[in-house]
Amino acid sequence: GQNKTARAAAKVWAKLKGVDNGRSIEHTWNSGDNVHPVRVERKDYQFLYKDDSGFTFMDTETFEQVTLAESFVDAPQFLKDGQEVSVLFNTETELPMSVELPDKIVVLVTYSEPGLRGDTATRTLKPATVETGATVNVPLFVNEGELIRINTKTGEYVERVK
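So for the sequence shown, our numbering puts the first residue at 1; every next one is plus one.
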């Protein structure tokens, strides 16, 4: 964004993600400051498992494995075994920068209070636990054992999958 007040130089601010540690910060620059771009390469990886050392992913072409801290993963609560992800690498350092899930994924509802039969019109939501352990608010007609599509960016229910 930009901010220009009377008699003050224009300032530019942005939310940044640390390349080395994955942490997010906000930073403000004066309008004349220079920013150096980083070249990024996106590679297809598959989620293997999570343990005390972090999240382990495998390159789907080379089968090489990389383990990253949770702060590198955009929506760790929605990672499931075998999940296809994109790992972004800094091309100069060849270090991983972040892990992105697809915008929408299909997950199994593992627990939900019983819904009301035929209640498809109301917008009332109830919490449901999905196979990854995350909780998602779903319409009343969604039941345990059903597949649903969720938006990994917002964590919201999109639709029921037949």
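Quick reminder that beta carbons are idealized off the backbone N, C-alpha and C, glycines included.
Computed from a predicted model, the values in this text were never measured in an experiment.
Query, Result
"Would you kindly report the start and end of the unbroken beta strand (DSSP E) that includes N143?", "Element bounds for N143: n/a, residue is neither H nor E."
"Using CA atoms only, rank isn't needed, just tell me which of F72, E61, S53, T132 is closest to K43.", "E61"
"Between the beta-carbon of K80 and the beta-carbon of T124, is there less than 8 Å?", "no"
"Less than 8 Å between the beta carbons of L68 and F55, yes or no?", "yes"
"Does the separation of the CB atoms of T129 and Y157 fall below 8 Å?", "no"
"Would a C-beta distance cut-off of 8 Å place S24 and A9 closer than the cut-off?", "no"
"Using a 10 Å radius around the Cβ and a threshold of 16 neighbouring Cβ atoms, would you call Q83 buried or exposed?", "buried"
"Terminal residues of the continuous beta strand (DSSP E) containing N90?", "84-90"
"So, using beta-carbon positions, are R149 and V85 closer together than 8 Å?", "no"
"Should L147 and V138 be called a contact, given that it needs their Cβ atoms to be closer than 8 Å?", "no"
"Rounded to whole angstroms, what's the CA-CA distance from H27 to G18? Just pull it up for me.", "11 Å"
"Between E70 and the rest of its own chain, which residues show a CB-CB distance below 6 Å, the 5 nearest in sequence each way excluded?", "P76"
"Does K15 have its Cβ less than 8 Å from a Cβ in chain D?", "Protein chains in the displayed structure number just one, and chain D is not present."
"Which residue wins for smallest C-alpha separation from N90, given the options F78, Y45, P37?", "P37"
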